[in-house]
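Undergrad: Per the working numbering, residue 44 is the first one in the sequence shown, and the count goes up by one each step.
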Amino acid sequence: MSGAQEIEVDKDTGNPSKAWERIRVHQRYYRCDPFPPSTPIAEDKIRFVCISDTHGKIEGSKLHMPPGDVLLHAGDFTQKGHMNEIQKFNSYLGALPYKVKVVIAGNHDLTFDDNITEASLRTFGVQKSTVESYLSERGLKSVKQMLTSAIYLEDSLVTVCGIKIYGAPWQPVFCDWGFNLKRGEDILKKWQTIPADLDILMTHGPPVGHGDLTGGNNNVGCVELLNIVQKRVKPKFHVFGHIHEGYGVTSDGYTTFINASTCTRRYLPTNAPIVFDFIIPEGH
Ligand code: 5GP
Ligand code: MN
Ligand code: MN
Ligand code: MN
């Protein structure tokens, strides 16, 4: 391997549309057809089913969940991180037939953010005391222990069938929600902690240029995240959500970028789960 490349803050980090306009000239970018979920699963492959941004709406919805082995959820499974929302989501996951379910949090899953202040929670109508008494009555230390039906990743890695999956909930500051980090140095530092040699990266927010176009036609993805993904981490798949309008699949010729947002901009859970197959590594 060649020497590690120093990755610095992009000069246009605060203006992702401008950054992308400059960057895209030098790289491949194309939209991909969604993989048909009805394709039979080959014996040497493991099927991943991706959803995100379900916001408490997938439970009880008519959304068809296709067959597969591993479910990936890229955050925003609640509206505010209330206890009843987490419970409901966990029961929903528990009833799904996938062998493994991997979940990260998003900016809406407020109570999962260990650093969120009591005042911040209050502005969203979440009382810290209510959360604390709920947890202590059940002998729990954190809401994260409520997700008994899933593997919860937060700046951490799990290996499934020899396939390395890493998950991180962070996104650039937007309206003072959970897991917000400032564009530039702050968020770059966080992304620097993602290990290289991953197969699948899950983040809540998109990188710039891929699945990050808002209704106003602005790219709002993270410039630093694209740099880290392309120059160091190089996952085969990058799964995220957050920008609901950016739902779909794109590629840079190496990494497949999946914006799996289940909910539309109007928070209707109507976008189909996105599936992909991964060849099971030898010896697994
Ligand atoms: P959520 O509130 O579920 O995290 O995001 C919902 C919607 O808010 C997105 O689909 C997008 O329209 C908008 N949004 C989220 N983050 C940003 C951002 O950083 N910039 C802009 N302009 N819109 C955002
Ligand atoms: Mn969302
Ligand atoms: Mn690799
Ligand atoms: Mn979000």
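Even for Gly, the Cβ is constructed at its ideal location relative to N, Cα and C. The model shown is predicted, which means the values in this text are computed figures rather than measured ones.
1) Please go through the segment 162-247 and give each complete alpha helix (DSSP H) segment of 4 or more residues, from N-terminal end onward.
2) I'd like the list of long-range same chain contacts for T173, defined as Cβ closer than 8 Å, with 5 residues on each side in sequence excluded.
3) Considering only the beta carbon of each residue, do P59 and N262 sit closer than 8 Å?
4) Can you give me the Cβ contacts of D87 inside the same chain, cut-off strictly under 7 Å, excluding the 5 residues immediately before and after it?
5) From what residue to what residue does the alpha helix (DSSP H) around S60 run?
6) Quick one, are the C-beta atoms of G284 and A303 less than 8 Å apart?
7) Taking 7 Å as the limit between beta carbons, can you name the residues of its chain near F167, skipping five residues before and five after?
8) Would you kindly work out how many angstroms separate the C-alpha atoms of P77 and H253, rounded to a whole number?
9) Per DSSP, what kind of secondary structure is G291 in: helix, strand or coil?
10) Check each candidate in E180, N150, K61 and G205 and name the one with the smallest Cα separation from D96.
11) So, with DSSP's three-state summary, where would you put S81?
12) Give the straight-line distance between the Cα atoms of S185 and L178, rounded to the nearest whole angstrom.
13) Please indicate yes or no: does the CB of E180 lie closer than 7 Å to some heavy atom of ligand 1?
14) Provide the residue span of the alpha helix (DSSP H) that contains K131, from first to last.
15) Helix, strand or coil for T307, going by three-state DSSP, please let me know.
16) Does the beta-carbon of M44 have 16 or more other beta-carbons within 10 angstroms, so that it is buried, or is it exposed?
17) Answer yes or no: do K279 and I243 have a C-beta to C-beta separation smaller than 8 Å?
18) Can you tell me whether E64 is buried or exposed? The criterion is at least 16 other CB atoms within 10 Å of its CB, across all chains shown.
19) Do G205 and L196 come within 8 Å of each other at the CB atom, strictly closer than that value?
20) Taking all protein chains shown into account, decide if A62 is buried (16 or more other Cβ within 10 angstroms of its Cβ) or exposed.
21) Report the residue from D112, H98 and D55 whose alpha carbon sits nearest the alpha carbon of R308.
22) DSSP on F120, reduced to helix/strand/coil?
23) Could you tell me which residues DSSP puts in a beta bridge with K88?
24) Considering only heavy atoms of ligand 4, does any lie closer than 7 Å to the CB of H327?
25) May I have the straight-line CA-CA distance separating Y72 from V292, to the nearest angstrom?
26) Cutting at 6 Å between CB atoms, please list the residues of its own chain near W220, excluding the five before and the five after it.
27) For ligand 1, I want to know if P212 counts as a neighbour, meaning its beta carbon is within less than 7 Å of at least one of the ligand's heavy atoms.
28) I'd like the list of long-range same chain contacts for G46, defined as Cβ closer than 6 Å, with 5 residues on each side in sequence excluded.
TA: The answer reads as follows:
1) 171-180 and 228-235
2) M126
3) yes
4) The beta carbon of D87 sits closer than 7 Å to those of I322 and I323, all from its chain and outside the five residues before and after it, given in chain order.
5) P59 to I66
6) In contact: G284 and A303 (Cβ atoms closer than 8 Å).
7) K123 and L153
8) 15 Å
9) strand
10) N150
11) coil
12) 7 Å
13) no
14) K131 -> alpha helix (DSSP H) spans M126 to A138.
15) coil
16) Annotation note: pLDDT 44 at M44 (below 50); position unreliable, no value reported.
17) yes
18) exposed
19) no
20) buried
21) H98
22) Looking at F120 - three-state DSSP - the assignment turns out to be coil, as it is neither helix nor strand.
23) I322
24) no
25) 11 Å
26) N150
27) Between ligand 1 and P212, a heavy atom-to-CB distance of less than 7 Å is absent.
28) Because G46 sits at a pLDDT of 46, beneath the cut-off of 50, its placement in the model cannot be relied upon, and the following sentence gives the value as read from the coordinates. Within the same chain, no residue comes within 6 Å of G46 by CB-CB distance, once the 5 residues on both sides are set aside.
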